[in-house]
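Numbering (my numbering), first residue to last: -15 to 430.
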């Protein structure tokens, strides 16, 4: 990368995201606004810097591909943390535009930016797409998925649990007795050693019910056993509805499910999920709709969600708001503050067209923010070519922003402890890449 030249990512769907420290790594994916022939023949690897102590580079993008890393164009894959020091990213499965690329397992070292093909002992599982992963004590748990086929009706759906030991570098097989059966497009969320599987589909048009009663399959990692739970809701209208291509994160005993799409053989196009944003209490297994500071949140599918402290970052994806915007790709990142009683949210809009960096900040709605919120004041411009804009969901309520840049950051030093506390909350960090399911993009219609 040429110094001073700003990297701005294009829209992405069917990518993967992995959070390591204060960097959200994005791997692969497609630009839904381009045809197959227009896609980048190399898979991209880049990261988003969310380190509040890095004044110069906060909320900047770094394209690692330009530093010599080469990855075949890959989409609908999975990626997760691994290695002895938990500083490697293992890229598993997916599909390639160029079928000559027959390797479907890579290891990316985040310390050296080196991409390699690891030698793994044991029987390798069949290559598939649309599966999800959970990292637990150095092992990556991968369930379900399906084969890639230009005719989705001919895809093979898997009922299979594969375990990649990233420390000893071997494949293992997990128990599938009482599992959900074939499944793709779900989310997998780790809660105290138990993986919660939510949503997805078992064949082209068959979705597990998420209406009157929602089935939640759980896998106990230590016990290597499955169980089925039923989630309910106090109000039938708040049941989130069946979906695929959604995301989920865990914060403070709640699983927050975002976005997704739903369709049948009779729908002319994919529809947005019934509720864009839903919350499951993991203790009571009761669904609810979290209160939001403005309800006009974007209806996205095939995006990714990453959690750092109470800040949930929703990145990229396809717009599902209406037939007019359907499948338009997004390169925006939205942030939701899950610690707020009324969840504040906003978008982080980046542009590389200017030679200065400015910040448009809405002031906090109260004089004294809570201990888990962060306020910011106007700042001076800087010499980075990026514009960060914060938009809010409602003109009546403003977003308490957590970003502090350079000079302004120094001026409000008294808030620094709040910022660090936001990003270092003990609750788990998770990022769940969504599925690649039904989508009219060219690469699925070959």
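Each residue gets a CB set at the ideal place from its N, CA and C atoms; glycine is no exception.
Under the three-state reduction of DSSP output, residue 138 falls in the helix class.
The three-state reading of DSSP puts residue 94 in coil, since its state is none of H, G, I, E or B.
Assignment of residue 48 by DSSP, reduced to helix, strand and coil, places it in the helix class. An exposed status is given to residue 165, since fewer than 16 other beta-carbon atoms sit within 10 Å of its beta-carbon. Under the DSSP assignment, residue 30 falls in the beta strand (DSSP E) whose first and last residues are 29 to 33. For residue 22, the secondary structure class from DSSP, reduced to helix, strand or coil, is helix. When C-beta atoms of the region 20 to 31 are compared with those of the region 315 to 323, fewer than three pairs fall below 8 Å, so the two segments do not count as touching. Contact holds between the region -13 to 5 and the region 285 to 304, because three or more Cβ pairs, one in each stretch, are under 8 Å apart. The C-alpha of residue 76 is placed about 15 Å away from the C-alpha of residue 107.
The beta strand (DSSP E) runs of length 3 or more contained entirely in the region 156 to 209 are, from start to end of the chain, 171 to 175, 178 to 182, 198 to 204.
Only residues of its own chain outside the window of five on either side were considered, and among them 202 have a CB closer than 6 Å to the CB of residue 211, listed in chain order. The beta carbons of residue 261 and residue 239 sit no closer together than 8 Å. Here residue 23 has 14, 15, 57, 81, 427 as same chain residues with Cβ atoms under 8 Å from its own Cβ, once five neighbours each way along the sequence are excluded. Minimum Cα-Cα distance from residue 298 among the listed residues 331, 275, 304 corresponds to 331. Boundaries for residue 84: no beta strand (DSSP E) harbours it, and the DSSP string shows neither H nor E there. Going by DSSP, residue 297 is part of the beta strand (DSSP E) stretching over 295 to 299. Residue 117 has 126 as its beta-bridge partners, per DSSP. The alpha carbon of residue 70 has as its nearest neighbour, out of 272, 140, 84, 124, the alpha carbon of 124. Rounded to the nearest angstrom, the gap between the Cα atoms of residue 42 and residue 321 is 18 Å. Our two residues, residue 174 and residue 333, have alpha carbons roughly 30 Å apart in a direct line. The C-beta separation of residue 122 from residue 150 comes to about 5 Å, placing the pair in contact by the 8 Å criterion.
Beta-carbon to beta-carbon, residue 180 and residue 200 are separated by about 6 Å, close enough to satisfy the 8 Å threshold. Here residue 255 is bridged, per DSSP, to 246.
Rounded to the nearest whole angstrom, the C-alpha separation of residue 222 and residue 95 is 44 Å.
Residues 245, 256, 283, 285 of the same chain have their beta carbon placed closer than 6 Å to that of residue 304, with the five preceding and five following residues left out of the count.
By the 16-neighbour rule on beta-carbons within 10 angstroms, residue 328 is buried.
With distances taken between CA atoms, residue 171 lies nearest to 184 out of 162, 177, 184, 148.
Burial state of residue 265 is exposed, judged by a 10 Å Cβ sphere holding fewer than 16 other Cβ atoms.
For residue 54, there is no enclosing beta strand (DSSP E), as DSSP marks it with neither H nor E. Beta-bridge pairing by DSSP links residue 149 to 123, 154. C-alpha of residue 208 to C-alpha of residue 187: approximately 25 Å in a straight line. In the DSSP assignment, residue 58 forms a beta bridge with 80. In this chain, the beta strand (DSSP E) harbouring residue 263 covers 261 to 265. The straight-line gap separating the alpha-carbon atoms of residue 62 and residue -3 is approximately 13 Å. Per the coordinates, the alpha-carbon of residue 176 lies some 20 Å from the alpha-carbon of residue 162. If you draw a straight line from the Cα of residue 269 to the Cα of residue 213, it comes to about 8 Å.
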